[in-house]
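Here it is as structure tokens:
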């Protein structure tokens, strides 16, 4: 069956509803202030702004997560599950101007536990599975990476640089950083190991024990291992892989982070993670995890090659009665074909067959 | 088996890397005929090479038109593409340096005029030093700028320093050392991991031999 982007959107949203997520509808505009405090969280810090009639500075929403957090109920004891399917406005990575970008995703907010995290990872994997191509969901654990860096005594100033090279799987550069800061060989080796680990959770989970250096790392390793086990029971062990090169900003993300890829799309099409730190920055006590699917990147996959504008080009000469043209057109459509009615045979239109109604024919 | 697309930079560096790949068994006989074609496919169709402008390699790889490519570290620093940097090939070695007319002294009391092909690298370097600069982006013959008093200094690639010397310029500071890197598209790495690792380890083995 030929799927289009709208069909995909519906399937993805249907999936979220199956697990009790409710749709979150948001305003097109949001106070600019909401974003300015968390600029780094946004993919691009460029926002379309304008002044409202009362003088307030408003923004066309560049992101949905921040609005959802703002509207979340911090006192609620149950877990809030919402999904969205919205257009956002931001500078896309590839073009230099603002673009309207279709985005779907979900957020799970409250006292989330391991089950909730696993549920979100599963839904992320299933979302990109819906596209119907080979897919991979890479997961990492920012808490574990941070704990490892702390345990082997990496300076806070260097952490940013090291995370960057881990994100690039850049071993030569990591070597030169370690040399520059005079890290000893065993520390460097641990970081190398971190970059080199890559594979389906089923195969890699075992190797994680090597990173149990102290209490903190052990805690994070155990959490990640437990999550891996659940992923296996979901039957996703081959498609979900551990890859520490998935790095998100530590200012916002503290736990599991993940990114999804499908074959034939050069960039990641899904990105998410646990962002308790963003919650705290926005004055909320709850924990939260969520993700977004970048539907604009997938859109091109569904572009059909339209060879023909319609099946039949129905041409009629001037003077042929409208009633006759209408009758003929209805007949064609009733026969299960599409029709394009023109007075002349324009070169621009391209149809499988052409039917002419001349005045002569009409008078017969 | 999936085909691996390789973007090679036109010129000496690209040719050298192709020789390494050929030695590793990724040969493509058509390439020997020095014609003007840009795309070459190996006989078993497992690998496909194309020649691109060196500064475009990162773009081909980032956008997935090429799965892997060979790019100078200068290009990677300048454009900061979202890709994996898998290997330092240790060839095409040079450095990005600041150069000025012989005897030039930066007294730091005026905005420094910097002519360069690498505005991002130059701005980042001077920002780190806290120096106020005025960037003049040029696309070639950078050495002319200080001579004509278009700029005070230049930030450019220095290999041997001969061009600088002949124009009465001298390097004053090294910004960053440069060498050729093997880069990979992030999504391709997931779906063609085996073949990409094969190419990577073959090149890595030869780099170590060379040392």
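Protein chains in written order, with this note's numbering: chain L, -1 to 362; chain C, 6 to 216. In this text, a Cβ means the ideal position worked out from N, Cα and C, and glycines have one as well.
In this structure, residue 120(C) sits away from residue 174(C), with a CB-CB distance that is not shorter than 8 Å. Only buried fits residue 215(L), as 16 or more other CB atoms lie within 10 angstroms of its CB. One Cα belongs to residue 197(C), the other to residue 134(L), and the distance between them is close to 12 Å. In the DSSP assignment, residue 149(C) forms no beta bridge with any residue. Of all residues in the region 191 to 205 of chain C, the ones placed with a Cβ closer than 9 Å to any Cβ belonging to chain L are 191, 192, 193, 194, 195, 196, 198, in chain order.
About 15 Å separates the CB atoms of residue 248(L) and residue 149(L); that is not less than 8 Å, and the two are not in contact. Inclusion of residue 97(C) and residue 77(C) in the CB contact set at 8 Å is warranted, their separation being smaller than that value. At a cut-off of 8 Å between beta-carbon atoms, residue 265(L) makes contact with chain C. Residue environment: residue 116(L) is assigned as buried (16 or more neighbouring CB atoms within 10 Å of its CB, all protein chains considered). If you draw a 10 Å sphere on the C-beta of residue 140(L), you find 16 or more other C-beta atoms in it, and that means buried. Secondary structure note for residue 81(L): its beta strand (DSSP E) is the uninterrupted segment 78 to 89. Residue pairing of residue 142(C) in beta bridges, as defined by DSSP: 121(C).
Excluding sequence positions up to five before and after residue 259(L), its CB lies within less than 6 Å of the CB of 134, 266, all in the same chain and listed in chain order. Residue 139(L): member of the beta strand (DSSP E) spanning 133 to 139, first to last residue. Listed in chain order, the positions of the region 87 to 98 of chain C with a beta carbon within less than 8 Å of a beta carbon of chain L are 87, 88, 89, 90, 91, 92, 93. Counting along the chain, the unbroken alpha helix (DSSP H) around residue 8(L) starts and ends at 3 to 16. Taken in chain order, the whole alpha helix (DSSP H) runs of length 4 or more contained in the region 184 to 245 of chain L are 199 to 202, 213 to 231.
When Cβ-Cβ separations below 8 Å define contact, residue 69(C) makes contact with chain L.
Residue 28(L) and residue 66(L) do not touch by the CB rule: their CB atoms are close to 11 Å apart, not below 8 Å. For residue 107(C), the number of other beta carbons within 10 angstroms of its own is below 16, and it is reported as exposed. With fewer than 16 neighbouring CB atoms inside 10 Å of its own CB, residue 48(L) falls in the exposed class. With fewer than 16 other Cβ atoms from the protein chains shown falling within 10 Å of its own Cβ, residue 325(L) counts as exposed.
Under the Cβ distance rule, residue 132(L) counts among the residues neighbouring chain C, one pair being separated by less than 8 Å. With respect to chain C, the C-beta atom of residue 191(L) has no partner C-beta closer than 8 Å. Within chain C, the residues whose beta carbon sits less than 8 Å from that of residue 259(L) are 191, 192, 195, 196, listed in sequence order. Distance from the Cα of residue 14(C) is smallest, within the candidate group 178(C), 37(C), 43(C), for 43(C). Annotation: the continuous alpha helix (DSSP H) that includes residue 157(L) extends over 154 to 165. Distances from the alpha-carbon of residue 81(L) to those of 146(L), 188(L), 20(L) put 20(L) closest. Taking a Cβ-Cβ cut-off of 7 Å, the neighbours of residue 168(L) in chain C comprise 90, given in sequence order.
It is roughly 6 Å from the alpha-carbon of residue 282(L) to the alpha-carbon of residue 72(L). DSSP places residue 103(C) within a strand segment (E or B) once states are collapsed to three. Listed by position along chain C, the residues whose Cβ is nearer than 7 Å to that of residue 7(L) form an empty set, because the closest Cβ is around 22 Å away.
The beta strand (DSSP E) runs lying completely inside the region 264 to 289 of chain L and spanning 3 residues or more are 268 to 272, given in chain order. As the crow flies, the alpha-carbon of residue 38(C) is around 16 Å from that of residue 19(C). With respect to the 8 Å criterion, residue 117(C) and residue 208(C) are not classified as neighbours on the basis of their beta carbons.
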